[in-house]
Amino acid sequence: MVDGSYKIKCTNSTCNQSHSGTMKLYQQDGELKGVMIPVTDFWITSTFRGGKAEGNTFEFTAYWNTPCQQYAMDVRGEVDGDKISGTTNNPAGLYTFEGTRVAE
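Residue 13 is where the sequence shown starts when you use the numbering used here, and the numbers rise one by one after that.
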């Protein structure tokens, strides 16, 4: 089950950047929903719905708006106990992420 809140760190090894935030995931009516909340200015808080979770794996596309345009970020990951890991593909490139479940 993937439901929960996770403190995550995303890293892009190509440009040596990392960003932290919180990812909240929950399943409702057969779909994965949630929110990504930034700690830095790199992201903009983004809600999502229509994601999929099967066992301990998940995927979704988060969208966020800037004054210029809307961006999409494809996210795929896996939960193993209280650990979460995966990848994000967004306009800034491919990032990996990892993190730990936290109390809400």
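We put the beta carbon where it would ideally sit given N, CA and C, even for glycine.
Subject >> Residue of Ser30, Gln81 and Phe72 minimising C-alpha distance to Glu90 >> reply: The residue you call residue 90 lines up with position 78 of the sequence shown. The shortest Cα separation from Glu90 among Ser30, Gln81 and Phe72 belongs to Phe72.
Taking Cβ to Cβ, would you say Thr100 is nearer than 8 Å to Cys22? Within the sequence shown, the letter at position 88 stands for residue 100. Within the sequence shown, the letter at position 10 stands for residue 22. Contact flag set, yes.
Once the 5 residues before and after Ser97 are set aside, which same chain residues still bring their CB inside 7 Å of it? Counting from one through the sequence shown, the residue named residue 97 turns up at place 85. Within the same chain, Ser97 has close Cβ partners Gly89, Glu90, Phe109 and Glu110.
Review point. If you compare alpha carbons, which of Pro50, Asn102 and Ser17 is closest to Leu37?
Key: Counted from its first residue, the sequence shown places residue 37 at position 25. Out of Pro50, Asn102 and Ser17, Ser17 has the C-alpha closest to the C-alpha of Leu37.
Query - Residues that Gln82 bridges to, as DSSP identifies them - result: Within the sequence shown, residue 82 is the residue found at index 70, counting from 1. Asn77, per the DSSP bridge assignment.
Item checked: Helix, strand or coil at Glu110 according to DSSP, with G and I counted as helix -> Sequence index remark: in the sequence shown, residue 110 carries index 98 (1-based). Note: Glu110 maps to strand in three-state DSSP.
In the DSSP assignment, the beta strand (DSSP E) including Thr99 goes from what residue to what residue?
If you number the sequence shown from 1, residue 99 lands on position 87. Where Thr99 is concerned, the enclosing beta strand (DSSP E) stretches over Lys95 to Asn102.
Unbroken beta strand (DSSP E) run spanning Ala22, endpoints:
Position 10 of the sequence shown, counted from the first residue, corresponds to residue 22. In the sequence as presented, Ala is not what sits at residue 22; that position holds Cys. It spans Gly16 to Asn24 - the beta strand (DSSP E) in which Cys22 sits, taken as one unbroken run.
Margin query: What residue range does the beta strand (DSSP E) around Glu43 cover?
Written below: Translated into positions along the sequence shown, residue 43 becomes position 31. Element bounds for Glu43: Glu43 to Pro50.
Inter-residue Cα distance where the pair is Val125 and Gly33: Because the chain spans 13 through 116 in this model, residue 125 falls outside it and cannot be assessed.
Helix, strand or coil at Thr57 [DSSP, three-state]: The count along the sequence shown starts at 1 and reaches residue 57 at position 45. Coil.
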